[in-house]
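Everything in the sequence shown is counted per this note's numbering, starting at 4 for the first residue and increasing by one.
Have a look at the structure below, then the notes.
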Amino acid sequence: VKSFKGLEADAVVLIDVPKDDASSFFTQSNYYVACSRAKHLLVILHKEG
């Protein structure tokens, strides 16, 4: 995610994103960077359970 700063993509897919664990690799800042890179489509998949 950090190396994606300043870049864009037509679609961004985030896989195995923790649903409730904000202390993991995906900090609030990383979420913002990842989600704001999508120009047309953003898909976020989280682990169940």
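Every residue, glycine too, gets a C-beta built ideally from N, C-alpha and C.
The structure displayed is predicted, hence computed values, not measured ones.
Alpha-carbon spacing of residue i relative to residue j, whole angstroms
i          : j          : result
residue 15 : residue 36 : 11 angstroms
residue 6  : residue 40 : 11 angstroms
residue 21 : residue 50 : 6 angstroms
residue 17 : residue 31 : 14 angstroms
Nearest candidate by alpha-carbon position, reference residue i, set the options
i          : options    : result
residue 10 : 42, 21, 18 : 42
Supposed close pair residue i, residue j - CB separation, criterion 8 angstroms
i          : j          : result
residue 19 : residue 48 : 7 angstroms
residue 38 : residue 45 : 6 angstroms
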